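Q: Take a look at this one; I'll ask things after.
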Amino acid sequence: MSKDPVRVLVTGAAGQIGYAIVPMVARGVMLGPDQPVILHMLDIEPAAEALKGVQMELLDAAFPLLKGVVATTDVAEACKGVKVAVMVGGFPRKEGMERKDVMSRNVSIYKAQASALEKNAAQGCKVVVVANPANTNALILKEFAPSIPPDNITCLTRLDHNRALGQIAGRVKAQVSDVKNVIIWGNHSSTQYPDVNHATVRTSCNGEDRSVRELVADDPWLNGDFIATVQQRGAAIIKARKLSSALSAASSACDHIRDWVLGTPKGTWVSMGVYSDGSYGVPAGLIYSFPVTCDNGKWSIVQGLRIDDFSREKMDATAKELSEEKALAYSCLN
Ligand SMILES: NC(=O)c1ccc[n+]([C@@H]2O[C@H](COP(=O)([O-])OP(=O)(O)OC[C@H]3O[C@@H](n4cnc5c(N)ncnc54)[C@H](O)[C@@H]3O)[C@@H](O)[C@H]2O)c1
């Protein structure tokens, strides 16, 4: 018997990431090839015509799994009955704008959307915030949707995680699918800490997992250029494309939800921005990217990893930035 369709919300659906992600969701990339979906697409009034165009294209693409489309500028209608919410819509930083002004615009968007989700989403709705500042937008969403369990509100750092896998695969000339257990700690910003201390590569000679540090055998690169490349990758894409990353962001958001709902493979962890419980000395009450495994629709932070002094310093620096962002966001509420 075929499954009941799942309602998936994409906000900012007329934008770049929206345009890349809706066909992925409709093809089963996010929830699996046997899971029918109903897409809910939200955008703001100035993008209403463009949103209509995306709706037309979804119809034209005749996706067998797509059982319906709701395209709207009404946030309550968009949130009605959704089980998964991918929050891509937000206010971008424009030239000459102060950080506080951008934060203030996003705080008011995420405060309003939190209430709409709380009132209208299906029970157990899983939320991933993509729009920047992703961690802090997710935190505001959590604060203003108190009836949604904090564990259900996350932010996307899987793109950074995937970028780290790609850089290591390139360096050791392995397939990206053979590299695992990198970690992105902290903020989805240039202070994030991409950590390879526990990462491994499956080697082609005997299929054994070998440590990335041992295979790369170049600590100055791993502690220097590698980290900077992952941290600055977003800026490098903008420089090359004159637009920010969209297909990789969309694909990573699908990876994030798929692993959360369907589980991470045994022995593999992924990075997700989640509500800190104080693990690894990260202040509780921040949305911070940790290594997590997922099972039965729940994530848990991987515990017991050894943290050296180099890592400690970088993990604390990104936590400090997040605490400052949190304070700035709260100051916008007054
Ligand atoms: N976390 C990550 O890894 C990651 C990666 C890439 C981009 N991003 C962020 O994702 C966001 C979207 O990027 P994009 O390239 O698609 O931008 P975009 O400007 O192309 O699209 C954003 C869309 O959001 C809409 N929007 C604005 N306010 C809204 C609101 N209140 N409700 C609903 N929709 C609203 C806009 O009309 C627009 O269509 C940006 O904030 C970007 O910085 C995050």
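Every letter in the sequence shown is one number past the one before it in the numbering used here, and letter 275, counting from 1, is 669.
No residue lacks a Cβ here, since even glycine has one placed at the ideal position from N, Cα and C.
Computed from a prediction, not measured in an experiment: that's the story for all the values here.
1. Among Ser-642, Asn-514, Asp-428, which has the Cα closest to the Cα of Asn-556?
2. Which residues does DSSP pair with Met-481 in a beta bridge?
3. With respect to the beta strand (DSSP E) encompassing Tyr-587, which residues constitute its N-terminal and C-terminal limits?
4. Give the single residue among Arg-499, Val-464, Asp-603 whose Cα lies nearest to the Cα of Val-431.
5. Among residues of its own chain, excluding the 5 on either side of Leu-559, which ones have a beta-carbon nearer than 7 Å to its beta-carbon?
6. Ignore the nearest five residues each way along the sequence and tell me which others in Leu-535's own chain have a CB closer than 6 Å to its CB.
7. Where do the N-terminal and C-terminal ends of the alpha helix (DSSP H) with Lys-729 fall, by residue?
8. For Gly-453, which beta-bridge partners are listed by DSSP?
9. I need the straight-line Cα distance from Trp-663 to Pro-527, nearest angstrom please.
10. State yes or no: is the C-beta of Ile-411 within less than 7 Å of the C-beta of Ala-640?
11. Restricting to Cα atoms, I'd like to know which of Pro-417, Glu-451, Leu-459, Leu-452 is closest to Pro-399.
12. Can you tell me which residues form a DSSP beta bridge with Val-595?
13. How would you write the range of the alpha helix (DSSP H) that Gly-792 sits in, first residue to last?
14. Return yes when the C-beta of Asn-526 is under 6 Å from any heavy atom of ligand 1, and no when it is not.
15. Are the CB atoms of His-434 and Pro-552 within a distance shorter than 7 Å?
16. Can the beta-carbon of Ser-686 be found less than 7 Å from the beta-carbon of Met-666?
17. Which partner residues of Ser-665 appear in the DSSP bridge assignment?
18. On the CB-based measure, 16 or more other CB atoms within 10 Å of its CB, does Met-497 come out buried or exposed?
19. Pairing CB atoms from the region 665-681 with CB atoms from the region 441-458, are three or more of them under 8 Å?
20. What residue range does the beta strand (DSSP E) around Ser-694 cover?
21. Thinking just about the alpha-carbon of each residue, which of Lys-488, Phe-457, Cys-648, Asn-581 is nearest to the one in Met-481?
22. Between the Cα of Glu-707 and the Cα atoms of Lys-461, Trp-579, Pro-544, Val-624, which residue gives the shortest distance?
23. Hey, would you say the C-beta of Thr-405 is under 6 Å away from at least one heavy atom of ligand 1?
24. Which residue comes first and which comes last in the alpha helix (DSSP H) that contains Thr-658?
25. So, under 8 Å CB-CB, Met-418 and Ser-645 are touching, yes? Tell me the CB distance rounded to an integer number of Å.
26. Roughly how far, in whole angstroms, is the beta-carbon of Arg-607 from the beta-carbon of Val-590, given that I think they are within contact range, below 8 Å?
27. Between which two residues does the beta strand (DSSP E) harbouring Cys-726 extend?
28. Report whether the distance from the Cβ of Asp-495 to the nearest heavy atom of ligand 1 is below 6 Å.
29. Please confirm whether any heavy atom of ligand 1 lies closer than 6 Å to the CB of Gln-639.
30. Whole angstroms are fine: how far does the CA of Arg-627 sit from the CA of Gly-672?
31. Got a sec: does ligand 1 put a non-hydrogen atom nearer than 6 Å to the Cβ of Gln-410?
32. Could you have a look at Leu-699 and say whether DSSP puts it in helix, strand or coil?
33. Note the first and the last residue of the continuous beta strand (DSSP E) segment covering Ile-547.
34. DSSP beta-bridge partners for Trp-615?
35. Which stretch, first to last residue, makes up the beta strand (DSSP E) that contains Met-435?
36. Is Asp-437 near ligand 1, going by C-beta to nearest heavy atom under 6 Å?
A: Looking at the coordinates:
1. Measuring from the Cα of Asn-556, the nearest candidate turns out to be Ser-642.
2. DSSP output for Met-481 lists Thr-405, Val-523 as bridge partner(s).
3. Start and end: 587-589.
4. The residue with the shortest Cα to Cα distance from Val-431 is Val-464.
5. The residues are Val-570, Val-573, Val-576.
6. Excluding positions up to five away in sequence, the list reads Tyr-504, Ala-508, Ile-547.
7. This structure cannot settle anything about residue 729, because the visible part of the chain is limited to 395 through 728.
8. A quick correction: the sequence has Leu, not Gly, at residue 453. As far as DSSP is concerned, Leu-453 takes part in no beta bridge.
9. Pairing Trp-663 with Pro-527, the inter-Cα distance amounts to about 24 Å.
10. Yes, the pair counts as a contact, with Cβ atoms nearer than the cut-off.
11. It is Leu-459 whose Cα lies nearest to the Cα of Pro-399.
12. Val-595 is bridged to Val-573, Arg-604.
13. Residue 792 falls outside the range modelled here, since the chain spans only 395 to 728, and no answer is possible.
14. Yes, the Cβ of Asn-526 comes within 6 Å of a heavy atom of ligand 1.
15. The sequence shown places Arg at residue 552, rather than the Pro named in the question. For the 7 Å CB-CB criterion, Arg-552 and His-434 do not form a contact.
16. Before going further, note that residue 686 is Val rather than Ser in the sequence given. Yes, these two residues count as a Cβ contact at 7 Å.
17. Bridge partners of Ser-665: Pro-685.
18. Its Cβ being crowded by 16 or more others within 10 Å, Met-497 is buried.
19. No contact exists between the region 665-681 and the region 441-458.
20. 692-695 is the span of the beta strand (DSSP E), which, as asked, contains Ser-694.
21. Met-481 has its Cα closest to that of Cys-648, out of Lys-488, Phe-457, Cys-648, Asn-581.
22. Looking at Lys-461, Trp-579, Pro-544, Val-624, the one whose alpha-carbon comes closest to that of Glu-707 is Trp-579.
23. Flag set: Cβ of Thr-405 near ligand 1.
24. Where Thr-658 is concerned, there is no enclosing alpha helix (DSSP H), given that its DSSP letter is neither H nor E.
25. The Cβ separation is near 7 Å, so the contact holds.
26. The pair is a contact, with the Cβ atoms about 7 Å apart (cut-off 8 Å).
27. Looking at the DSSP string, Cys-726 is not in any beta strand (DSSP E), and its letter there is neither H nor E.
28. No; taking the cut-off as 6 Å, the Cβ of Asp-495 has no heavy atom of ligand 1 nearer than that.
29. First, the amino acid is wrong: residue 639 is Ser here, not Gln. It does: the Cβ of Ser-639 is within 6 Å (strictly closer) of some heavy atom of ligand 1.
30. Their Cα atoms are separated by approximately 29 Å.
31. Gln-410 Cβ: within cutoff of ligand 1.
32. The answer is coil: DSSP assigns Leu-699 none of H, G, I, E or B.
33. Start and end: 547-549.
34. Answer is none; Trp-615 lacks a bridge partner.
35. In the DSSP annotation of this structure, the continuous segment of the beta strand (DSSP E) that includes Met-435 starts and ends at 431-436.
36. Because some heavy atom of ligand 1 lies under 6 Å away, the Cβ of Asp-437 counts as near it: yes.
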